[in-house]
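Asks: The first sequence lines up with residues 0 to 643 when you count with numbering that gives the first Met the number 0.
Every residue gets a Cβ at the ideal spot worked out from N, C-alpha and C, and that includes glycine.
As the structure is a computational prediction, the values presented were derived from the model and not from experiment.
Shown below is the structure under consideration.
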Amino acid sequence: MITITLPDNSQKQFPEGVTSYQVAESISKRLAEAVLAAKVNDEVWDLNRPIAADAKLKLLKWDEDEGKMAFWHSSAHLMAEALEFFYPGIKFGIGPPVENGFYYDVDTGDRVISTEDLGKIEEKMKDLARQNNGYVRKDISKKDALEYFQKKGDEYKTELIGELEDGKITLYTQGNFIDLCRGPHLPNTGFIKAIKLLNVAGAYWRGDESRKQLTRIYGITFPQQKLLDDYLKMLEEAKKRDHRKIGRELKLFTFDDDVGSGLPLWLPRGGAIIDQLEKLARITETRAGYVRVRTPHIAKESMYRTSGHLPYYADSMFPPMELEGGKYYLKAMNCPHHHKIYLSLNPSYRDLPLRLAEYGTCYRYEKSGELFGLMRVRSLQMNDAHIYCTRQQFASEFRAVNDLYLNYFKIFGIDKYVMRFSTHHPSNLGKKYVDMPELWIETENMVRKVLVESNIPFKEVSDEAAFYGPKIDVQVWSAIGKEFTLATNQVDFAQPVRFGLSYINKNNQADTPICIHRAPLGTHERFIGFLIEHYAGNFPAWLAPDQAIVLPISEKHNERASTISAFLNNSDIRTFIDGSDNKIGKKIRDAELMKIPYMLIIGDKEAAGNSVAVRKHGAGDIGIMSVEDFTDKLKEEERIVFNR
RNA sequence: GCCAGUGUAGCUCAGCUGGCCAGAGCAGCUGAUUUGUAAUCAGCGGGUCGGGGGUUCGAGUCCCUCCACUGGCUCCA
0 MITITLPDNS
10 QKQFPEGVTS
20 YQVAESISKR
30 LAEAVLAAKV
40 NDEVWDLNRP
50 IAADAKLKLL
60 KWDEDEGKMA
70 FWHSSAHLMA
80 EALEFFYPGI
90 KFGIGPPVEN
100 GFYYDVDTGD
110 RVISTEDLGK
120 IEEKMKDLAR
130 QNNGYVRKDI
140 SKKDALEYFQ
150 KKGDEYKTEL
160 IGELEDGKIT
170 LYTQGNFIDL
180 CRGPHLPNTG
190 FIKAIKLLNV
200 AGAYWRGDES
210 RKQLTRIYGI
220 TFPQQKLLDD
230 YLKMLEEAKK
240 RDHRKIGREL
250 KLFTFDDDVG
260 SGLPLWLPRG
270 GAIIDQLEKL
280 ARITETRAGY
290 VRVRTPHIAK
300 ESMYRTSGHL
310 PYYADSMFPP
320 MELEGGKYYL
330 KAMNCPHHHK
340 IYLSLNPSYR
350 DLPLRLAEYG
360 TCYRYEKSGE
370 LFGLMRVRSL
380 QMNDAHIYCT
390 RQQFASEFRA
400 VNDLYLNYFK
410 IFGIDKYVMR
420 FSTHHPSNLG
430 KKYVDMPELW
440 IETENMVRKV
450 LVESNIPFKE
460 VSDEAAFYGP
470 KIDVQVWSAI
480 GKEFTLATNQ
490 VDFAQPVRFG
500 LSYINKNNQA
510 DTPICIHRAP
520 LGTHERFIGF
530 LIEHYAGNFP
540 AWLAPDQAIV
550 LPISEKHNER
560 ASTISAFLNN
570 SDIRTFIDGS
580 DNKIGKKIRD
590 AELMKIPYML
600 IIGDKEAAGN
610 SVAVRKHGAG
620 DIGIMSVEDF
630 TDKLKEEERI
640 VFNR
């Protein structure tokens with residue numbers, strides 16, 4: 000007999016070789032039906048794998064991520080079986096579960112799998128699922144595994160096996176399909192009740208651009224049809240928040256073929272949002288001791304040689320313009336220009352920290368397939384600043400920048416984000432990274448300390464730093480689940496050296512400053528793209544393109560409406576009149592669709608009392624008030640943001 | 001850049017296997033209406049069907065090519 004310890008620390012005796020499924024059965028029949036896999040001593044196992052000795056056991060159902068992973072991993076094998084049926088001789092790469100579903104990378108030779116083919120594959124999968132075929136695990140020697148897949152002609156699997164340790168190789172078989180796999184899997188295919196193949200895509204073998212591109216098929220499966228229906232509905236809902244759709248509907252921005260792809264045109268209503276963001280940044284930065292500078296959009300080749308961006312970064316820059324025997328580049332970043340300003344100012348230690356801020360317009364030649372609405376563009380304006388400080392000032396400056404980020408997040412109500420802290424790896428010193436080991440360690444420790452002390456969730460990734468220092472990127476997600484770096488905060492102790500930046504210290508000696516690159520609001524393009532989705536177009540009044548719209552009940556109230564509108568405009572409130580001869584219901588509907596925060600309705604009653612009937616977007620009528628009271632109300636909403 | 005898909009009026013979309021197929025709704029304009037919290041009525045004007053080339057008696061419809069967009073891969077704010 001062996002002892003099985005369950006998560007609640009209760010213990011039960013079972014005969015040696017008992018399976019997790021049998022344990023589940025002994026608890027309840029319903030549990031046995033719902034359980035998908037089991038965690039045995041911190042390792043996820045198949046339900047029907049015999050347990051030989053005393054063990055901790057956790058039964059994994061659909062509500063556990065590890066249960067879902069086993070489910071989707073098994074689904075990938077099911078899809079592979081269907082694919083092999085339709086495309087004999089097909090070769091398989093990898094087929095893992097992912098956050099939402101699974102995929103399999105396959106090589107179909109000359110045959111093309113397109114979206115049209117997904118339906119029949121889906122049907123075949125449903126057939127196979129109904130057969131309740133078991134997923135059977137088998138240990139195999141490396142030699143036998145290689146022999147099997149070589150015979151099958153699958154060079155991808157043989158490549159994978161070649162890297163595995165002999166004695167730890169397992170195959171899984173279900174129905175007519177055998178796959179190299181570590182598992183774990185469902186007991187049988189019958190668990191998979193609802194199947195949807197989502198799309199086909201190209202994917203490079205092992206993520207390497209220089210290797211062959213395989214066909215990747217994405218799918219998702221569920222233990223019940225209703226869960227699939229819910230998931231598809233959720234996807235539809237997410238699409239409604241898509242900034243590209245809302246941007247068109249609310250007339251915020253557009254693209255034009257003649258201008259070029261990735262080059263957004265900001266319409267007046269989008270421009271108004273930018274104005275408010277810049278206002279917020281200006282106020283915030285002025286209070287934090289920043290000074291504003293302005294620099295040209297182009298610079299000569301020599302500067303980018305000095306900075307080190309050429310030739311390494313040249314692929315991401317627009318090709319140079321040649322004139323008067325020299326090459327000029329459109330700037331892809333603002334730092335070199337700012338370093339030149341530093342040189343011109345020739346500061347002493349008394350002038351540091353020097354914080355140079357600019358909403359600098361940059362141009363980056365992104366590959367055509369990488370463009371994505373406002374989130375990934377070729378012309379962008381950064382909420383950029385470079386802080387030059389001494390090593391002693393570094394900690395407090397970095398902390399201040401961090402606080403600035405958090406303050407912004409609070410204003411916008413951004414709570415779903417992850418700070419990605421990228422550090423160097425010592426093995427790449429002098430190669431990928433500047434060879435200043437003690438400075439790397441010192442600044443990384445400092446950055447880590449600030450993050451921990453500020454109680455900020457972050458994940459540390461080794462060997463992902465910039466060549467000039469460690470960095471923090473703020474990762475967020477678009478409505479349709481794409482991950483983006485929204486903002487960035489980088490430490491730089493390399494460029495100051497390259498540019499020969501220095502200051503005279505207290506001991507009358509030249510010293511090199513450290514530079515902090517920071518862009519807490521990222522770029523206008525990406526930040527507003529993100530905000531559109533974050534608010535689903537329902538911008539708070541301080542940020543909305545139009546804060547209020549004046550709606551006269553009938554034509555005879557138009558004059559009164561103009562007076563009120565003019566008064567509000569004079570109080571710096573962004574407003575206009577709906578002067579159409581539509582009925583009030585229609586005017587309200589139009590304003591609601593444009594998501595204008597406040598509607599001010601003017602009829603006989605209001606005209607008589609110098610008041611407006613206020614309707615709030617999405618909330619309805621909030622009562623009659625004087626024009627002054629409404630102005631104060633709006634001003635208060637702005638004050639909370641701008642004066643915090 | 002690569003793989004797969006899509007491209008019909010400002011927007012959302014119909015147009016089956018090539019032949020009275022260039023349409024609808026919304027938006028726009030004009031007129032009537034003067035309206036009390038999510039669509040008043042009527043009339044009118046919009047498209048060389050993404051660009052170019054080809055097949056055909058005949059092409060939104062089939063083929064080639066370029067461009068753009070969408071979903072991925074790679075790369076990044």
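Have a look at M593, I601 and S73 and flag the residue whose alpha-carbon is nearest the alpha-carbon of I93.
Replies: The option with the nearest alpha carbon to I93 is S73.
Asks: Output needed for Y348: all residues of its chain with C-beta closer than 8 Å, excluding positions within five of it in sequence on either side, in chain order.
Replies: Answer for Y348: T389, Y502, I503, N504, K505 and D510, listed in chain order.
Asks: CB-CB under 6 Å to M445, same chain, minus the five flanking residues each way: which ones, in chain order?
Replies: For M445, where only same-chain residues beyond five positions count, the Cβ hits under 6 Å are A394.
Asks: Name, in chain order, the residues that DSSP records as bridge partners for E357.
Replies: DSSP lists D383 as partners of E357.
Asks: Rounded to a whole number of angstroms, what is the C-alpha to C-alpha distance between L251 and H516?
Replies: Taking the straight line from one Cα to the other gives about 29 Å.
Asks: Round the Cβ separation of L644 and I177 to the nearest angstrom and send it over; I've been treating them as touching at under 8 Å.
Replies: Any property of residue 644 remains undetermined from this structure, which presents the chain solely from 0 to 643.
Asks: Could you tell me whether the stretch 591-611 touches the stretch 624-635, using the rule of 3 or more Cβ pairs below 8 Å?
Replies: Taking 8 Å as the limit for Cβ pairs, the verdict is that the stretch 624-635 does touch the stretch 591-611.
Asks: Report buried or exposed for I639, applying the criterion of at least 16 other Cβ atoms within 10 angstroms of its Cβ.
Replies: So I639 counts as exposed.
Asks: With distance defined between alpha-carbon atoms, name the residue in A356, A560, E558 and E591 nearest to R293.
Replies: Per the Cα distances, A356.
Asks: Let me know the secondary structure DSSP gives G66 once reduced to three states.
Replies: Looking at G66 - three-state DSSP - the assignment turns out to be helix.
Asks: Is the beta carbon of F85 sitting closer than 7 Å to the one on V105?
Replies: Not closer than 7 Å, so no.
Asks: In angstroms with no decimal places, state the Cα-to-Cα distance between P512 and L351.
Replies: Computed Cα separation, rounded: 9 Å.
Asks: Is it true that the CB of I471 sits closer than 7 Å to the CB of N488?
Replies: Yes.
Asks: Let me make sure I understand the geometry here. Which of A69, W439, E482 and Q12 has the alpha-carbon closest to that of P222?
Replies: Closest option to P222, Cα to Cα, is A69.
Asks: What residues match up with T157 in a beta bridge as DSSP calls it?
Replies: In DSSP, T157 forms no bridge with anything.
Asks: Applying the criterion that 16 or more other CB atoms from any shown protein chain within 10 Å of the CB defines a buried residue, is N581 buried or exposed?
Replies: Answer is exposed; the Cβ neighbour count stays below 16.
Asks: Give the single residue among E80, Q212 and L197 whose Cα lies nearest to the Cα of W204.
Replies: Comparing Cα-Cα distances from W204 to each of E80, Q212 and L197, the minimum goes to Q212.
Asks: For W204, does the three-state DSSP call read helix, strand or coil?
Replies: Helix, per DSSP.
Asks: I need the DSSP call for M598, collapsed to helix, strand or coil.
Replies: M598: strand per DSSP, three-state reduction.
Asks: Counting pairs of beta carbons, one from the stretch 411-418 and one from the stretch 292-306, are three or more of them closer than 8 Å?
Replies: Output reads no: the stretch 292-306 does not touch the stretch 411-418.
Asks: Under 7 Å, do E80 and L127 count as touching if we go by C-beta distance?
Replies: Going by C-beta atoms, E80 is nearer than 7 Å to L127.
Asks: Using beta-carbon positions only, say whether Y362 and S315 come within less than 7 Å of one another.
Replies: For Y362 and S315, no; Cβs fall outside 7 Å.
Asks: Please list the segments of the alpha helix (DSSP H) lying wholly inside the stretch 235-274, counting only runs of 4 or more residues, in order along the chain.
Replies: The stretch 235-274 contains these whole alpha helix (DSSP H) runs: 242-248.
Asks: Among all the DSSP beta bridges, which residues are the ones paired with A37?
Replies: DSSP lists W44 and L58 as partners of A37.
Asks: Which residues in the same chain have their Cβ closer than 7 Å to the Cβ of G133, if we skip the five residues on either side of it in sequence?
Replies: So the list reads Q173, P186 and N187, once near-sequence residues are dropped.
Asks: Beta carbon of K326, beta carbon of P319: below 7 Å?
Replies: In this structure, P319 lies closer than 7 Å to K326 by Cβ.
Asks: Which value, in whole angstroms, describes the spacing of the CA atoms of K339 and F498?
Replies: Those two C-alpha atoms are separated by around 8 Å.
Asks: For S9, does the count of other Cβ atoms within 10 angstroms reach 16, so buried, or fall short, so exposed?
Replies: It counts as exposed.
Asks: From Y328 to I440, what does the alpha carbon distance come to, in whole angstroms?
Replies: Between Y328 and I440, the C-alpha separation is close to 35 Å.
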